[in-house]
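Chain order of the listed sequences is X and H. Under the working numbering, the letters of the first sequence match residues 371 to 521, in that order. Under the working numbering, the letters of the second sequence match residues 371 to 521, in that order. Backbone N, C-alpha and C fix where the C-beta goes; we use that ideal spot for every residue, glycine too. Predicted model, so just to flag it, every value in this text is computed and none were measured.
Protein chains: 2
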Amino acid sequence: MISKSCQYALRAVVFLASEAGDNIKLNVKQIAREIDAPEAFTAKILQVLNRHNIITSLKGPYGGFFIEEHQLDAPILNIVQSIDGLQIFTSCGLGLKQCSAKHPCPFHNEYEVLRNKMRETFEKTTIRKLARKIDSGAYFLAGATRKEKMN
Amino acid sequence: MISKSCQYALRAVVFLASEAGDNIKLNVKQIAREIDAPEAFTAKILQVLNRHNIITSLKGPYGGFFIEEHQLDAPILNIVQSIDGLQIFTSCGLGLKQCSAKHPCPFHNEYEVLRNKMRETFEKTTIRKLARKIDSGAYFLAGATRKEKMN
DNA sequence: TCTATTTAAGATAAACTTATCCGAAATAGA
DNA sequence: TCTATTTCGGATAAGTTTATCTTAAATAGA
Chain X
371 MISKSCQYAL RAVVFLASEA GDNIKLNVKQ IAREIDAPEA FTAKILQVLN RHNIITSLKG
431 PYGGFFIEEH QLDAPILNIV QSIDGLQIFT SCGLGLKQCS AKHPCPFHNE YEVLRNKMRE
491 TFEKTTIRKL ARKIDSGAYF LAGATRKEKM N
Chain H
371 MISKSCQYAL RAVVFLASEA GDNIKLNVKQ IAREIDAPEA FTAKILQVLN RHNIITSLKG
431 PYGGFFIEEH QLDAPILNIV QSIDGLQIFT SCGLGLKQCS AKHPCPFHNE YEVLRNKMRE
491 TFEKTTIRKL ARKIDSGAYF LAGATRKEKM N
């Protein structure tokens with residue numbers, strides 16, 4: 371569906387957003403730990419997100435990654451776009467290089483509906499929306515803790 | 371979304387179904403050519419599909435692959451299941467190992483809707499339905515021909 | 001200016017998916 | 001029985017994605 375890299379990216383961005391605040395910056399180690407992803411690989415992904423202006427970074431001591439107010443209202447579609455590209459939302463369900471209303475694969479009509487629903491959902495879900503859920507305490511970015519499982 | 375192998379599988383099965391008829395068998399070469407897939411790899415996939423009883427095979431001269439009447443009404447979900455498994459329809463959008471209504475990721479509510487729509491679509495689309503479209507002549511299993519493009 | 005800290009970038013490795021190859025097994029017909 | 005044809009199964013290779021490592025560049029503060 372969506373690549374593992376992209377899932378890491380989504381988790382990282384939402385985490386950054388949920389912690390966003392006055393002059394708050396987080397380093398790779400903190401982010402990777404919190405979203406349960408390998409540190410070095412997370413670093414690479416954060417680099418890409420920064421290059422695409424999804425998040426912002428600052429080098430040096432007291433540096434790190436953060437997300438600015440105006441970046442919070444971007445749709446998570448932009449994250450997918452930065453990491454995986456938009457192919458998932460446009461390509462053929464049966465893998466035809468050429469598939470369109472004019473030259474449809476037999477699954478085209480049904481699949482197009484799914485693709486569009488997906489795109490729509492990723493389009494209208496913003497980073498801020500997901501971050502707020504984390505802040506509410508009822509949603510999570512990593513597996514359940516031992517304590518939680520006991521309930 | 372769905373693996374390349376699985377897309378080959380879907381195309382191969384639909385093609386077999388569209389050609390199904392009295393004692394008709396097709397060999398790997400014919401199938402691979404028609405669905406525009408590598409021959410040896412297609413062979414592997416057909417093997418798996420046969421093992422899962424999605425299609426039927428017969429060795430030897432005049433042998434090949436075919437699909438029996440009772441196999442035509444299976445949902446294409448079964449093909450996905452045989453090749454990729456059902457994870458796409460059940461796993462978390464952000465890649466959490468554990469994500470459920472009780473321990474949801476922040477995208478859980480939205481994503482669950484998509485997953486379910488997808489599952490539903492794959493569930494109620496049968497092999498026969500897609501094969502009939504091919505037979506109608508208005509749907510295709512490979513890219514457009516030069517002639518077609520000229521229109 | 002020097003040092004410590006942090007991201008950036010490039011090279012490399014490991015794991016997984018896709019693809020090929022080859023010999024074995026089955027089977028129809030001569 | 002022998003031969004030709006076709007799928008089956010295992011081994012191997014090529015390609016892609018995921019992951020790591022190492023050095024460079026930036027920057028804050030002593």
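Comparing C-alpha positions only, which one of the options sits nearest to residue i?
i: H/Val483; options: X/Ile425, X/Asn479, X/Pro408, X/Glu490; result: X/Glu490
i: H/Asp406; options: H/Ala508, H/Lys494, H/Tyr378; result: H/Tyr378
i: X/Asp392; options: X/Glu404, X/Phe436, X/Gln417; result: X/Phe436
i: H/Val383; options: H/Asp443, H/Met488, H/Asn486; result: H/Asp443
i: X/Asn479; options: H/Leu500, H/Gly434, H/Gly433; result: H/Leu500
i: X/Val418; options: X/Gln400, X/Gly465, X/Leu380; result: X/Leu380
Using only the alpha-carbon positions, how far apart do residue i and residue j sit?
i: H/Asn521; j: X/Ile424; result: Only weak support is given to the placement of H/Asn521: the predicted model assigns it a pLDDT of 49, under 50, and the question is left unresolved by the model.
i: X/Pro445; j: H/Lys467; result: 24 Å
i: X/Leu386; j: X/Cys462; result: 34 Å
i: X/Tyr481; j: H/Lys374; result: 16 Å
i: X/Ala514; j: X/Glu493; result: 28 Å
i: X/Glu409; j: X/Ser452; result: 20 Å
i: X/Arg498; j: X/Leu511; result: 15 Å
i: X/Tyr509; j: X/Arg485; result: 26 Å
i: H/Pro476; j: X/Pro474; result: 35 Å
i: H/Arg502; j: H/Glu389; result: 10 Å
i: H/Gly507; j: H/Pro431; result: 31 Å
i: X/Lys487; j: H/Glu439; result: 34 Å
i: H/Arg403; j: X/Ile372; result: 30 Å
i: X/Thr495; j: X/Ile449; result: 11 Å
i: H/Asn420; j: X/Lys414; result: 42 Å
i: H/Gly433; j: H/Ile401; result: 13 Å
i: X/Phe411; j: X/Leu447; result: 21 Å
i: X/Lys441; j: X/His422; result: First, the amino acid is wrong: residue 441 of chain X is Gln here, not Lys. Spanning the two alpha carbons is a distance of roughly 11 Å.
i: H/Glu464; j: X/Cys376; result: The sequence as given places Leu at residue 464 of chain H; Glu does not occur at that position. When rounded, the distance between both Cα atoms is 8 Å.
i: X/Leu416; j: H/Leu416; result: 41 Å
i: H/Ile504; j: X/Asp505; result: 51 Å
Run through chain X and tell me which residues come within less than 8 Å of residue i, C-beta to C-beta.
i: H/Glu480; result: Thr491, Thr495
i: H/Ile504; result: Pro476
i: H/Tyr432; result: Here the premise fails: no neighbours, minimum Cβ distance about 28 Å.
i: H/Phe411; result: Per Cβ cutoff of 8 Å: no residues; H/Phe411 is ~13 Å from chain X at best.
Name the chain X residues whose beta carbon is nearer than 7 Å to that of residue i?
i: H/Lys487; result: Leu484, Lys487
i: H/Val384; result: Pro476
i: H/Leu500; result: Pro476, Phe477
i: H/Leu380; result: Leu464
With hydrogens ignored, establish whether the beta-carbon of residue i is closer than 7 Å to any heavy atom of the ligand MG.
i: X/Thr426; result: In the structure on display, the ligand MG does not appear, and there are no ligands present to speak of.
What residues from chain X crowd round residue i, counting only those whose CB sits closer than 9 Å?
i: H/Gly513; result: Leu466, Lys467, Gln468, Cys469, His473
Starting from the beta carbon of residue i, find every residue of chain H whose beta carbon is closer than 8 Å, and list them in chain order.
i: X/Gln451; result: What X/Gln451 touches in chain H: nothing, since even the nearest Cβ is about 15 Å away.
What does residue i touch in chain H if you count any residue whose Cβ is under 7 Å from its own?
i: X/Gln377; result: Leu464, Gly465
i: X/Ile458; result: Met371
In chain H, which residues lie less than 9 Å from residue i when you measure between Cβ atoms?
i: X/Lys374; result: Gly465
i: X/Phe435; result: Residues of chain H passing the Cβ test: none, with the nearest at roughly 18 Å.
Within 8 Å, do at least three Cβ pairs link the stretch 467–480 of chain X to the stretch 389–398 of chain X? Fewer than three Cβ pairs drawn from the stretch 389–398 of chain X and the stretch 467–480 of chain X lie within less than 8 Å of each other, which leaves the two stretches out of contact.
Contact between the stretch 453–467 of chain H and the stretch 425–433 of chain H (3+ Cβ pairs under 8 Å): Two segments are said to touch when three or more pairs of C-beta atoms, one from each, lie closer than 8 Å; by this definition the stretch 453–467 of chain H does not touch the stretch 425–433 of chain H.
Under 8 Å (Cβ pairs) to chain H, residues found in the stretch 415–426 of chain X: Within the stretch 415–426 of chain X, contact with chain H at the beta-carbon level (separation under 8 Å) is assigned to no residue.
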